[in-house]
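Here is the structure we will look at.
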Amino acid sequence: QKEVEQNSGPLSVPEGAIASLNCTYSDRGSQSFFWYRQYSGKSPELIMSIYSNGDKEDGRFTAQLNKASQYVSLLIRDSQPSDSATYLCAVNWYGNKLVFGAGTILRVKS
Amino acid sequence: DGGITQSPKYLFRKEGQNVTLSCEQNLNHDAMYWYRQDPGQGLRLIYYSQIVNDFQKGDIAEGYSVSREKKESFPLTVTSAQKNPTAFYLCASSDRRSTEAFFGQGTRLTVV
């Protein structure tokens, strides 16, 4: 079983729509959860971190965490073509081991 | 400017050679990581270190070695035992409290 799983996509949404990205993880003891954005050929950029159950909003981004169901999601409101990228979910394991999912490709069509 | 610096940006290796990738951070972070990314793939953990003089193997450590003699530095050596080293290598560091990790700009290694 993969430790952090994401749908590879591509997920295509029209400009202005809400993009919903999902991630599940296997270790119930995980405490820290992150979303990174990676443009082609570039290194990942941290966009959201979440540590407790519920929602966390930052501008057009909302991260949602449900530890009982072991999933974390990212919502992008008013999607823009510049949001087109690969979104990586990362989970901090016990002992500070940071594990990534394979990423979801998002395409925002104008 | 605070940040993580990886060098070189591009590196070419001949068959059978060892090469060392540099990673330096001035963020005073305790933890440092090395990842490998192949085209169209996610990040796979090679090695990570939580404190000076200590490091742990990740999921794909075979053919790689690291050292952590200074808090600021975490160099990665790709040895000749790594049979398919062509990839994008990413170094990251994180604060012990927030555990948020930040990346360098990466090194593209190509075997010629």
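Chains as they are written, first to last, in our numbering: chain A, 10 to 119; chain B, 6 to 117. Note that the Cβ used here is the ideal one computed from N, Cα and C, for glycine as well.
Helix, strand or coil at residue i according to DSSP, with G and I counted as helix
i, result
"S91 of chain A", "helix"
"S119 of chain A", "coil"
"K14 of chain B", "coil"
"K75 of chain B", "strand"
Span of the beta strand (DSSP E) around residue i
i, result
"P23 of chain A", "20-23"
"D59 of chain B", "59-62"
"I27 of chain A", "Segment: none, I27 of chain A is in no beta strand (DSSP E) and carries neither H nor E."
Candidates the options, of which the one nearest residue i by Cα
i, options, result
"A36 of chain B", "A:Q40, A:L107, A:G112", "A:L107"
"Y45 of chain A", "A:N105, A:S119, A:Y103, A:A99", "A:A99"
"V117 of chain B", "B:S12, B:G47, B:A86, B:Q22", "B:Q22"
"G38 of chain A", "A:A111, A:G110, A:Y48, A:W102", "A:W102"
"A97 of chain B", "A:L55, A:N31, A:Y80, A:L74", "A:L55"
"L20 of chain A", "A:Y34, A:Y96, A:E12, A:G110", "A:Y96"
"S58 of chain A", "A:I114, A:F70, A:Q89", "A:F70"
"S110 of chain B", "A:Y48, A:K118, A:S78", "First, the residue type needs correcting, since residue 110 of chain B is Gln and not Ser in the sequence shown. Measuring from the Cα of Q110 of chain B, the nearest candidate turns out to be A:Y48."
"I51 of chain B", "B:V57, B:D43, B:F79, B:A66", "B:A66"
"D67 of chain A", "A:R86, A:K51, A:A77, A:S93", "A:R86"
"V13 of chain A", "B:F79, B:A86, B:L48, B:N33", "B:L48"
"K51 of chain A", "B:Q55, B:D100, B:Y94", "B:Y94"
DSSP beta-bridge partners of residue i
i, result
"S70 of chain B", "B:T82"
"W39 of chain B", "B:Y52, B:C96"
"V24 of chain B", "B:V83"
"G47 of chain B", "Beta-bridge pairing links G47 of chain B to no other residue."
"Q73 of chain A", "A:D64, A:S82"
"W44 of chain A", "A:M57, A:C98"
"Q30 of chain B", "B:I9"
"Y34 of chain A", "A:V13"
"R113 of chain B", "B:Y15, B:F93"
"A111 of chain A", "DSSP, once it has assigned bridges, lists no residue as partnering A111 of chain A."
Residue-chain proximity (residue i, chain A), Cβ-Cβ < 7 Å
i, result
"G21 of chain B", "no"
"F17 of chain B", "no"
"F108 of chain B", "yes"
"L48 of chain B", "yes"
7 Å Cβ cutoff, residue i in contact with chain B
i, result
"F109 of chain A", "yes"
"L55 of chain A", "yes"
"N105 of chain A", "yes"
"S35 of chain A", "no"
"N101 of chain A", "yes"
"S93 of chain A", "no"
"G63 of chain A", "no"
"G112 of chain A", "yes"
"S49 of chain A", "no"
CB contact below 7 Å: residue i versus chain C
i, result
"Q55 of chain B", "Absence of chain C from the displayed structure is noted, the protein chains being A and B."
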